[in-house]
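Undergrad:
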């Protein structure tokens, strides 16, 4: 069972090299407008945008960089006009607002593909929220969730592997993963990335911390080792992230009895 | 600037009435497979599924209900096999995992449209995480983020209004909203929902709490009043949500010095 939409989704891959061509305002507007129409409840997503015009250097040399934010500020202005004050706790705002923003962002990804453009998410925005807030003069109650570079592709990599479907979709009951299931998940990811020479081409292996000795080379360093080094070494403490949230007006420390 | 993809996104609306027709396994698999291929980093999304077969009653009478989860469990099994232990704090897992799950979910929404199906998100899953965890026998470290009903539509509502594009997309600098901007945002939303008789047809206005007197009727109750009553009355305390997260193995109370 397939069709054009499914094929577009299956063939989509992140693009990290772009031509110099600037997407027209019309194309950009169509992409973001299609993003806005994504479902969910409260339109808590806002989109900041920067172009590489005027010599600005953007990630991956892309002509356009979007920063997609959880935006409670605009809603609070609307609520004030109706005589209401936001009382929902910050954690719930994040849970709902990140979804609003993410559904919009993914529509933008596929909308870009439909115009022959490519894109790549940059996940570091929450950890650089202070710099982004300054750069775009964000008011309090706007939190940068993710960035998305976009433009016309100057590379054509293959789509990247994913876990087997039966290890992601579970009918009626979550799967009790067997040793064999875990092996299958790892094989498809590692053999897929190794056969695409993903990390060798990128020239990047995540360094080992705490004096661990390197035992991998580009012959053996696959997706599961890469991802393990991230989640096994990085972002141990929430302190920095909580500070960034507080700085953006989401102190996350609501009184339970509020 | 438009094309088939953009039109599909602009014409998409949530569907709350479905025919009895069961989508085939092939269609479901294509939808979830297209979801899996969504970009981001760590494949932290998993999809639970239930069919209405055997007399199960699902929300909106839909034939299929998905529950899209942030799944750290599967990644931790993979990491363990490589000799790694998850150290990333729960807040960061949520920030990244919700994005993985949401990008997947939005691909599923548009993939469903491409097969002539409709869908509707149900945002309450995090607040019912305990019941969902029991229903699907979730292991610890899997958190239900959102539910998505899906099937062939038995209604054809119009697409719903959205804020004007210039109040969502900001180039170089966040917009300082003028009084007129706020009025424009409210007008397009309220006049749009009122002209579609959205709340009258749904037969639903959110009740006022704290002895506030009702001053609205279906003649005047629009989107901004509706949304204000949610965010101005609901989910004041994060306690319940934090309990649900803890129950699912995300205690969110990491020691800062860990």
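Chains as they are written, first to last, in our numbering: chain A, 1 to 258; chain B, 1 to 258.
Don't be surprised by glycine CBs; every beta carbon is placed ideally from N, CA and C.
#1: Report yes or no: is there a C-beta of chain B within less than 8 Å of the C-beta of residue 157/A?
#2: Of all the residues that make up the segment 36 to 56 of chain A, which are near chain B by a beta-carbon distance shorter than 8 Å?
#3: Just to confirm, are residue 11/A and residue 106/B a CB contact at a threshold of 8 Å?
#4: Looking at residue 136/B: is its Cβ nearer than 8 Å to the Cβ of residue 67/B?
#5: With DSSP collapsed to three states, give me the class of residue 59/A.
#6: So the candidates are 201/A, 122/A and 126/A; which of them puts its Cα closest to the Cα of residue 155/A?
#7: Of the residues 203/B, 210/B and 133/B, which one's Cα is nearest the Cα of residue 221/B?
#8: Does the beta carbon of residue 16/B come closer than 8 Å to any beta carbon on chain A?
#9: Check whether the Cβ atoms of residue 129/A and residue 247/A sit closer than 8 Å, and answer yes or no.
#10: For residue 241/A, return the contacting residues in chain B, with the cut-off set at a CB-CB distance below 9 Å.
#11: List the whole-angstrom C-beta distance separating residue 1/B from residue 26/A, where the pair is believed to meet the contact cut-off of C-beta under 8 Å.
#12: Between residue 161/B and the rest of its own chain, which residues show a CB-CB distance below 6 Å, the 5 nearest in sequence each way excluded?
#13: Give a yes or no on whether the minimum CB-CB distance between residue 109/A and chain B is below 8 Å.
#14: Whole angstroms are fine: how far does the CA of residue 132/A sit from the CA of residue 245/A?
#15: Suppose only complete runs of 4+ residues qualify. What are the alpha helix (DSSP H) ranges in the segment 131 to 203 of chain B, listed by chain order?
#16: I need the DSSP call for residue 20/A, collapsed to helix, strand or coil.
#17: Looking at the strands, I want to know which residues DSSP matches up with residue 67/B.
#18: Using a Cβ-Cβ cutoff of less than 7 Å, which residues in the same chain neighbour residue 224/B once the five nearest sequence positions on both sides are dropped?
#19: From what residue to what residue does the alpha helix (DSSP H) around residue 116/A run?
#20: So who's on the other strand from residue 122/B, going by DSSP bridges?
#21: Give, in chain order, every residue of the segment 192 to 219 of chain A whose Cβ lies closer than 7 Å to some Cβ of chain B.
#22: Going by DSSP in three states, residue 218/A sits in which element: helix, strand or coil?
#23: Note the first and the last residue of the continuous alpha helix (DSSP H) segment covering residue 243/B.
#24: For residue 163/B, decide whether its Cβ has a neighbour in chain A, counting only Cβ atoms nearer than 8 Å.
#25: Please report the distance separating the alpha-carbon of residue 63/B from that of residue 30/B.
#26: Measuring CA to CA, which of 198/B, 60/B and 229/B is closest to residue 210/B?
#27: Determine, using beta-carbon pairs with one atom in the segment 83 to 95 of chain B and one in the segment 52 to 59 of chain B, whether at least three such pairs fall under 8 Å.
#28: Measuring only between beta-carbons, confirm whether residue 235/B sits less than 8 Å from chain A.
#29: Is it a yes or a no for the segment 137 to 144 of chain A touching the segment 113 to 121 of chain A, going by three-plus beta-carbon pairs under 8 Å?
#30: Between residue 140/A and chain B, is any beta-carbon pair separated by less than 8 Å?
#31: Would you say residue 225/A lies against chain B (beta-carbon separation less than 8 Å)?
#32: Taking residue 173/A as the query, report the chain B residues whose CB atoms sit under 7 Å from its CB, ordered along the chain.
#33: Using a cut-off of 7 Å between C-beta atoms, extract the partners of residue 289/A located in chain B.
#34: Under three-state DSSP, which class holds residue 232/A?
#35: Can we say the segment 234 to 245 of chain A touches the segment 82 to 89 of chain B, given the rule of at least three CB pairs closer than 8 Å?
#36: Once you ignore the five residues that flank residue 48/A on each side, which residues in its own chain have a CB closer than 6 Å to its CB?
TA: Judging by the given coordinates:
#1: The residue given as residue 157/A occupies position 157 in the first chain. No, no contact with chain B.
#2: 36, 37, 38, 39, 40, 41, 42, 43, 45, 46, 47, 48, 49, 50 and 51
#3: As a first step, residue 11/A must be located in the first chain, where it is residue number 11. As a first step, residue 106/B must be located in the second chain, where it is residue number 106. For residue 11/A and residue 106/B, no; Cβs fall outside 8 Å.
#4: Walking along the second chain from the start, residue 136/B turns up at place 136. Walking along the second chain from the start, residue 67/B turns up at place 67. For residue 136/B and residue 67/B, yes; Cβs fall inside 8 Å.
#5: Counted from its first residue, the first chain places residue 59/A at position 59. In this structure, residue 59/A counts as helix in the three-state DSSP scheme.
#6: What you label residue 155/A is simply residue 155 of the first chain in a count that begins at 1. Closest by alpha carbon: 201/A.
#7: For this step, residue 221/B is matched to residue 221 along the second chain. Nearest of 203/B, 210/B and 133/B to residue 221/B, Cα basis: 203/B.
#8: Here residue 16/B refers to the residue found at position 16 when the second chain is read from its first residue. No, its Cβ sits nowhere closer than 8 Å to a Cβ of chain A.
#9: Here residue 129/A refers to the residue found at position 129 when the first chain is read from its first residue. Here residue 247/A refers to the residue found at position 247 when the first chain is read from its first residue. Closer than 8 Å, so yes.
#10: On the first chain, position 241 is the one that residue 241/A refers to. Per Cβ cutoff of 9 Å: 89, 91, 92 and 95.
#11: Position 1 of the second chain, counted from the first residue, corresponds to residue 1/B. Position 26 of the first chain, counted from the first residue, corresponds to residue 26/A. Confirmed, Cβ separation roughly 4 Å.
#12: Locating residue 161/B in the second chain gives position 161, counting from the first residue. Correct list, in chain order: 188, 189 and 192.
#13: As a first step, residue 109/A is located in the first chain; it is residue number 109 there, counting from the start. Closer than 8 Å: yes.
#14: Locating residue 245/A in the first chain gives position 245, where the first residue counts as 1. Locating residue 132/A in the first chain gives position 132, where the first residue counts as 1. Each residue's Cα considered, the two are about 12 Å apart.
#15: 179 to 195 and 198 to 202
#16: For this step, residue 20/A is matched to residue 20 along the first chain. In the structure shown, residue 20/A sits in coil (DSSP, three-state: anything other than H, G, I, E or B).
#17: Taking the first residue of the second chain as 1, we reach residue 67/B at position 67. Answer is 48/B and 147/B.
#18: If you number the second chain from 1, residue 224/B lands on position 224. So the qualifying residues of the chain are 186, 189 and 190.
#19: For this step, residue 116/A is matched to residue 116 along the first chain. That residue, residue 116/A, is in no alpha helix (DSSP H); it is neither H nor E in DSSP.
#20: For the purposes of this step, residue 122/B is taken as residue 122 along the second chain, with counting starting at 1. Paired residue(s): 147/B.
#21: none
#22: Position 218 of the first chain, counted from the first residue, corresponds to residue 218/A. Of the three classes helix, strand and coil, the one that applies to residue 218/A here is coil, per DSSP.
#23: Residue mapping note: residue 243/B aligns to position 243 of the second chain, counting from 1. First-last of the alpha helix (DSSP H) with residue 243/B: 239 to 247.
#24: On the second chain, position 163 is the one that residue 163/B refers to. It does: the Cβ of residue 163/B has a partner Cβ on chain A nearer than 8 Å.
#25: Numbered from its first residue, the second chain carries residue 63/B at position 63. Numbered from its first residue, the second chain carries residue 30/B at position 30. Cα-Cα distance, rounded: 17 Å.
#26: Indexing the second chain from 1 puts residue 210/B at position 210. Here the closest residue by C-alpha is 229/B.
#27: no
#28: Here the question's residue 235/B lines up with position 235 in the second chain. It does: the Cβ of residue 235/B has a partner Cβ on chain A nearer than 8 Å.
#29: no
#30: Counted from its first residue, the first chain places residue 140/A at position 140. So, not an interface residue.
#31: Here residue 225/A is taken as the residue at index 225 of the first chain, counted from 1. At least one chain B Cβ lies under 8 Å of residue 225/A.
#32: One-based indexing of the first chain puts residue 173/A at position 173. The answer, in chain order, is 136 and 137.
#33: Past the boundaries of the shown model lies residue 289/A; chain A is included only from 1 to 258, so the question cannot be answered.
#34: Here residue 232/A is taken as the residue at index 232 of the first chain, counted from 1. In the structure shown, residue 232/A sits in coil (DSSP, three-state: anything other than H, G, I, E or B).
#35: yes
#36: Stepping through the first chain from its first residue, residue 48/A is reached at position 48. Within the same chain, residue 48/A has close Cβ partners 67 and 136.
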